[in-house]
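> One structure follows; several queries about it will come next.
There are 2 protein chains.
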Amino acid sequence: MPSEVKSASTEQLNLLAGEMREEIFRTVSSCGGHLSSNLGIVELTIALHRVFDFPKDKIVFDVGHQCYPHKLLSGRAKLFHTLRKEGGLSGFPKRAESPYDCYETGHAGTAVSAALGIAKARDLKGEDFSVIALVGDGSFQNGLIFEALNSVSLLNSPILIILNDNGMSISPTVGGTQEILDGLKHSAENVRLFEKFGLEYIGIADGNDFSSLLPALERAKERIKEKTVLLHVVTKKGRGYPFAENAPAETHGLSPKPVPREEYSTALGEELTALAEKDSRIVAITAAMTDSLGLRPFFRAFPERSFDVGICEEHASVLAAALAAEGMRPYYAIYSTFLQRAFDEVIHDVCGQNLPVTFCIDRAGIVGADGETHQGIFDLSYLSLIPNLTIAVPANIAELRAMLRMSADFGAPLAIRYPKAGTQGMCKPFAMGEWELLRSTTSDIVMLAAGERCLDLAQHLLKRARAHGMDFTLVNARFVKPLDEKFLASLEQKQVVTLEDNVLAGGFGDAVARALRGTDCNVHSFGFGDVFIPHGEPASLAVKYGLDPEKIYALIEELYARG
Amino acid sequence: MPSEVKSASTEQLNLLAGEMREEIFRTVSSCGGHLSSNLGIVELTIALHRVFDFPKDKIVFDVGHQCYPHKLLSGRAKLFHTLRKEGGLSGFPKRAESPYDCYETGHAGTAVSAALGIAKARDLKGEDFSVIALVGDGSFQNGLIFEALNSVSLLNSPILIILNDNGMSISPTVGGTQEILDGLKHSAENVRLFEKFGLEYIGIADGNDFSSLLPALERAKERIKEKTVLLHVVTKKGRGYPFAENAPAETHGLSPKPVPREEYSTALGEELTALAEKDSRIVAITAAMTDSLGLRPFFRAFPERSFDVGICEEHASVLAAALAAEGMRPYYAIYSTFLQRAFDEVIHDVCGQNLPVTFCIDRAGIVGADGETHQGIFDLSYLSLIPNLTIAVPANIAELRAMLRMSADFGAPLAIRYPKAGTQGMCKPFAMGEWELLRSTTSDIVMLAAGERCLDLAQHLLKRARAHGMDFTLVNARFVKPLDEKFLASLEQKQVVTLEDNVLAGGFGDAVARALRGTDCNVHSFGFGDVFIPHGEPASLAVKYGLDPEKIYALIEELYARG
């Protein structure tokens, strides 16, 4: 297809754009994925492939969720129906997938830094090609982008930065940076701001119109021979599909089919709103994900106590810490994978000062189709090492609600970690730090399961074991830190089996094993191994990467035979 | 002293400033600490205490190393001689130390976010006081500051941001942001940039002249009743002491007395420079700490392959990843505690893409006098959980050199983690991942020690044990990930003792224990407990917080008696 793009007439390019839109729409409808951002960027991608010579020239997609048209144009059209399926095309750029993908992304704000690094390597090696960073306006709020802009003149290796401005993160883009970007449309003054960073701003192009895009890109290609250029492209998110144009937040990411289970995020929004009615200290914070985290009802009910600070995960953590330092009770809701961005602030600002911030950590465990960069499989480990932090892992949605009700008066840093979807379930009253004995037996085997996925697995194993005349004790280990030391102290000569949907290194199993060292108990841990887990179907990935029911059942049989 | 400041004449204030400078100089000369930044800010701190009413009004010091004058003026002058000593005053703001310290800092770039959070809490609670963020120009490059500026108009809770502009980070401040700040001195254009962020820029004051400072602060105090104000204060780092004024980088932080041991950083600079002469792929990256990391010789020899990107730890990681993606061999040198800031980028950019970046992690373990925010005691844990990463912990400086020589052709992410100072030592040839058997015995006891501090301790214990007719096997566990599986597999019925200067949660001991589960070996781990370690003397803190020779020796005696 690249050659086709090079020689086509504008009319043919428009036809191609239409075909690509249909293909994207069709595929996302069946495979799930990011819709509106990809629909918006079809013409821009075609124009880039016409003007530049990929893969000799290199492009870094910030976040990377908008790379579908690029995949279609770089030899992957025939595989496009496998998008986001296990073993199929990734929904993000992957180096192993194609030489057209030179750098992998997934989290916001990395593209300018990466493009500068690629360009610097080019110059050091004396090579000659163009490097492009394609960045949405939402990412432009992220601190990393400014750290990279600060380096433009220092590094002095020209790149083309394309600002893909559709006025949206997942939610509409907010804050002072967006005002500056908006200001570019009306005033030369903001242009000079970028010039201070060593950039040449070469104006605005209509990102859905080839007659505007092609000359702008040609000009940019010329100018980056001398210095770094910022090309401002205005696109319409969801372009071509009225329902997507009108509801870009709702169509940012689509699930392949209706999710039958209920969402933890709904409970978060409901419970937090109810709590805040009685407790004026409660405030809610998000980094540009109000809806997907379930915070919309809270934001509607308490606009003055609701803070969407844009894609600024670190700032949001410090803001939460400071609000807590002054007596408020901040709830910072965030996806597990994105909290990695605020790791230092969780340590330095929240836990170092032992402040009552509650982290509501959604999308924990395997998230599935978004792949390596989005799995929430490190959090139990990177949080367990932090002093002063309590880590709760609800067994079901009812337990999340109970934990939230206990949180406001807890008075110390608290992380509640849960998956996207699960069951309402039930929950008896419990104290902070207390595990739940779901089945008490005299068996030598004691299974400790953390979180709904692992408890489901444990219940399934228990049923199967009992059908075969075996039995074991089962515990809902709803606190991963601190462990229920009282319960652990009661164990004698037990075979303790731990289950967690987290990497084994530094996770729940390691903590249990450390607590039981020097006792006569043996610990057997199941969780994920030391690899990045690619995209696929969550249940299937869980089995493949460490939570294999057959292996755990085989261990139970073996232990039972011994005991 | 606060009341004195309120009523004094300008002449008296100047006298006070002189006395405070002498006190700071005297104390830092004996206790160590940050000199030039505190000398530079004496008048500004006095003026703040005169114009504002602390602790009702609140001030957040970015980084916090410049808070000595504030401590002197807030009831801590009599304790000032205990600065940075165990049990004495901290060198950073501490809430537990004084109500005048409202928020704790240590890492760069948090002050504006924190001040906004405090101001927002004030407004939500209907209280009335002023909130000040005091930020050096070095921190202004940090992405967090821009994330916070992006929120100024969103949050709409006015604060006073004081830009303390001395043109220096620890090294001179570099990059586009500094050009913008410099531009403020000459042009109204840059002012409007800040206005876009919802700030009112009220000009420049001479930060070492009360006649300029006092009216500027009075004006700011008035204006922040309406909106967030940026006051630009130009100070001279090291002010009042010509040797400090002329050598602000060298006098940024002083050690209390000459360090008798040698520095790992010197070896880094020498070795990397030598390697780079033969290998043109090698580049070095730092986030504003060229000298303290030992990189100066490299920067002198290879300026075009040397990148000081300012206090931008995250950007530096992504830049390193991208350089590696294009075939270069980047060495990113950084303090252990500051690498926490780039945790997500280590996962997402470097290890997720399995790129050959070498992290040279200095100041690992207990750093001592800088306290909680600077201890390098989490790195073995937060790095061990990351797939694709190899973690090396040299036993001495010679081993660091050997590891560096092996690193360029290693071809995958590598973290080498070492303390500030140690001994040259010796080192026989070894392969990546291979431990060193320092003493082989038939004893049941096998001690695995990671890093020079722990090996010193182990050798001391071995000597003592042998003097008492006991003995044990001793291993230099110079790779924490992967473990030397071959060696571990050779162990039968052993009592394995692990030593690490890292928190136990998720660290070396946990990894060894996981590897030995299901064997007939028992693991006993020593390292730091689940607390933040305050400032003090490193050797003393190590004993107190988990590496107590008496306790380990007692275990050896007990195990020996059993075995």
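Protein chains in written order, with numbering that gives the first Met the number 0: chain A, 0 to 562; chain B, 0 to 562.
From the three backbone atoms N, C-alpha and C, an ideal C-beta is built for every residue, glycine too.
1. Using a Cβ-Cβ cut-off of 8 Å, state whether A/Ala420 counts as contacting chain B.
2. Could you check which residue in B/Ile360, B/Ala320, B/Glu194 has the C-alpha nearest to that of B/Thr350?
3. Which whole runs of the alpha helix (DSSP H) in the region 125–177 of chain A are 4 residues long or more, in chain order?
4. Exposed or buried, which one is B/Arg452 when buried takes at least 16 other CB atoms within 10 Å?
5. When the Cα atoms are used, what is the spatial distance from A/Leu436 to A/Ala488?
6. Can you tell me the Cβ-Cβ gap for B/Phe478 and B/Thr389, rounded? I've got them flagged as a contact below 8 Å.
7. Looking at the structure shown, is A/Val496 part of a helix, part of a strand, or coil, going by DSSP?
8. Can you name, in chain order, every residue of its own chain whose Cβ lies under 6 Å from the Cβ of A/Phe337, other than the five neighbours on each side?
9. With 16 other CB atoms within 10 Å as the buried threshold, where does B/Phe60 fall?
10. Output needed in chain order: residues of the region 212–242 of chain A with a Cβ under 8 Å from some Cβ in chain B.
11. So, is the C-beta of A/Asp529 closer than 8 Å to a C-beta in chain B?
12. Beta carbon of B/Met405, beta carbon of A/Ala120: below 8 Å?
13. I'd like the span of the alpha helix (DSSP H) that includes B/Ala332, first residue to last.
14. Over the uninterrupted alpha helix (DSSP H) stretch that includes A/Ala319, give me the two end residues.
15. Which complete beta strand (DSSP E) runs does the region 183–212 of chain A hold, if anything under 3 residues is left out?
16. Applying a beta-carbon distance threshold of less than 9 Å, which residues of chain B neighbour A/Pro98?
17. Between A/Ser383 and chain B, is any beta-carbon pair separated by less than 8 Å?
18. Apart from the five residues on each side of it in sequence, which residues of its chain come closer than 7 Å, Cβ to Cβ, to A/Arg222?
19. Contact criterion: CB-CB distance below 8 Å. Does A/Glu313 meet it with respect to chain B?
20. Identify the residues that DSSP records as bridge partners of A/Lys57: which are they?
21. In angstroms with no decimal places, state the Cα-to-Cα distance between B/Ala323 and B/Pro481.
22. Using a Cβ-Cβ cut-off of 8 Å, state whether A/Phe298 counts as contacting chain B.
23. Determine, for B/Ile58, whether the minimum Cβ-Cβ distance to residues of chain A falls below 8 Å.
24. Taking 8 Å as the threshold (beta carbon to beta carbon), is B/Ile390 in contact with chain A?
25. Beta carbon of A/Val566, beta carbon of A/Val511: below 8 Å?
26. Between the Cα of B/Lys55 and those of B/Ala538, B/His523, B/Val130, spot the shortest distance and give me the residue it belongs to.
27. Is it buried or exposed for A/Glu325, if we count other Cβ within 10 angstroms and need 16 for buried?
28. Among A/Phe209, A/Ile117, A/Lys235, A/Lys226, whose alpha-carbon lies nearest the alpha-carbon of A/Pro171?
29. How far does the beta strand (DSSP E) with B/Thr472 in it reach, from first residue to last?
30. To the nearest angstrom, how far is it from the Cα of B/Ala476 to the Cα of B/Met402?
31. List the residues that DSSP assigns as beta-bridge partners of B/Ile390.
32. Considering just the uninterrupted stretch of the alpha helix (DSSP H) at B/Asp509, what are its terminal residues?
33. What is the DSSP secondary structure of A/Asp307, counted as helix, strand or coil?
34. Could you tell me which chain B residues have their CB closer than 9 Å to the CB of A/Phe196, listed as they occur along the chain?
35. Could you tell me whether any Cβ in chain A is nearer than 8 Å to the Cβ of B/Tyr334?
36. Does the beta carbon of B/Asn189 come closer than 8 Å to any beta carbon on chain A?
Well, looking at it:
1. In the first sequence, counting from the first residue as 1, residue 420 of chain A sits at position 421. Chain B contact via Cβ: absent.
2. If you number the second sequence from 1, residue 350 of chain B lands on position 351. Rather than Thr, the amino acid found at residue 350 of chain B in this sequence is Cys. Comparing Cα-Cα distances from B/Cys350 to each of B/Ile360, B/Ala320, B/Glu194, the minimum goes to B/Ala320.
3. 142–154
4. Here residue 452 of chain B refers to the residue found at position 453 when the second sequence is read from its first residue. Under this definition B/Arg452 is a buried residue.
5. Within the first sequence, the letter at position 437 stands for residue 436 of chain A. Within the first sequence, the letter at position 489 stands for residue 488 of chain A. Approximately 14 Å, taken between the alpha carbons.
6. Indexing the second sequence from 1 puts residue 478 of chain B at position 479. Indexing the second sequence from 1 puts residue 389 of chain B at position 390. With 8 Å as the limit, B/Phe478 and B/Thr389 qualify as a contact, their Cβ atoms being about 7 Å apart.
7. Counting from 1 along the first sequence, the entry for residue 496 of chain A is found at position 497. Residue state, collapsed to three classes: strand.
8. Here residue 337 of chain A refers to the residue found at position 338 of the first sequence. Excluding positions up to five away in sequence, the list reads Glu312.
9. Numbered from its first residue, the second sequence carries residue 60 of chain B at position 61. The residue is buried, with at least 16 neighbouring Cβ atoms inside 10 Å.
10. none
11. By one-based count along the first sequence, residue 529 of chain A stands at place 530. True, the Cβ-Cβ gap to chain B drops below 8 Å.
12. Indexing the second sequence from 1 puts residue 405 of chain B at position 406. Indexing the first sequence from 1 puts residue 120 of chain A at position 121. No. Outside cutoff.
13. Position 333 of the second sequence, counting from 1, holds the residue named residue 332 of chain B. Looking at the DSSP string, B/Ala332 is not in any alpha helix (DSSP H); the run it does join, the beta strand (DSSP E), is 328–334.
14. Translated into positions along the first sequence, residue 319 of chain A becomes position 320. Unbroken alpha helix (DSSP H) run through A/Ala319: 312–324.
15. 199–205
16. On the first sequence, position 99 is the one that residue 98 of chain A refers to. Residues of chain B passing the Cβ test: none, with the nearest at roughly 12 Å.
17. The sequence position of residue 383 of chain A within the first sequence is 384, counting from 1. Yes, because at least one Cβ of chain B sits closer than 8 Å to the Cβ of A/Ser383.
18. Here residue 222 of chain A is taken as the residue at index 223 of the first sequence, counted from 1. Glu199, Ile201, Val228, listed in sequence order.
19. Locating residue 313 of chain A in the first sequence gives position 314, counting from the first residue. At least one chain B Cβ lies under 8 Å of A/Glu313.
20. Against the first sequence, residue 57 of chain A aligns to sequence position 58. The secondary-structure analysis by DSSP pairs A/Lys57 across a beta bridge with A/Val130.
21. Taking the second sequence and counting its residues from 1, one reaches residue 323 of chain B at position 324. Taking the second sequence and counting its residues from 1, one reaches residue 481 of chain B at position 482. Taking the Cα positions, B/Ala323 is about 22 Å away from B/Pro481.
22. Here the question's residue 298 of chain A lines up with position 299 in the first sequence. A/Phe298 is outside the set of residues whose beta carbon lies under 8 Å from a beta carbon in chain B.
23. Here residue 58 of chain B corresponds to residue number 59 of the second sequence, with the count starting at 1. The beta-carbon of B/Ile58 is placed no less than 8 Å from the nearest beta-carbon of chain A.
24. Residue numbering aside, residue 390 of chain B sits at position 391 when the second sequence is read from its first letter. False, the Cβ-Cβ gap to chain A never drops below 8 Å.
25. Past the edges of chain A, shown from 0 to 562, lies residue 566 of chain A, and the structure says nothing about it.
26. Numbered from its first residue, the second sequence carries residue 55 of chain B at position 56. Residue B/Val130 is the option with its Cα nearest to B/Lys55.
27. In the first sequence, counting from the first residue as 1, residue 325 of chain A sits at position 326. Result: buried.
28. For the purposes of this step, residue 171 of chain A is identified with residue 172 of the first sequence, where counting begins at 1. The residue from A/Phe209, A/Ile117, A/Lys235, A/Lys226 with its alpha-carbon nearest to that of A/Pro171 is A/Lys235.
29. Here the question's residue 472 of chain B lines up with position 473 in the second sequence. Run containing B/Thr472: 472–475, per the beta strand (DSSP E) assignment.
30. As a working note, residue 476 of chain B is residue 477 in the second sequence. As a working note, residue 402 of chain B is residue 403 in the second sequence. About 14 Å.
31. Looking up residue 390 of chain B in the second sequence gives position 391. Its beta-bridge partners are B/Ala414, B/Lys480.
32. By one-based count along the second sequence, residue 509 of chain B stands at place 510. Here the alpha helix (DSSP H) through B/Asp509 covers 507–514.
33. For this step, residue 307 of chain A is matched to residue 308 along the first sequence. The answer is strand: DSSP assigns A/Asp307 an E or B state.
34. By 1-based counting over the first sequence, the position of residue 196 of chain A is 197. Near A/Phe196 (Cβ distances below 9 Å), the residues of chain B are Gly174, Gly175, Thr176, Glu178, Ile179.
35. As a working mapping, residue 334 of chain B is identified with position 335 in the second sequence. B/Tyr334 does not count as touching chain A.
36. Your numbering for residue 189 of chain B matches position 190 in the second sequence. Yes - at least one Cβ of chain A is within 8 Å of the one on B/Asn189.
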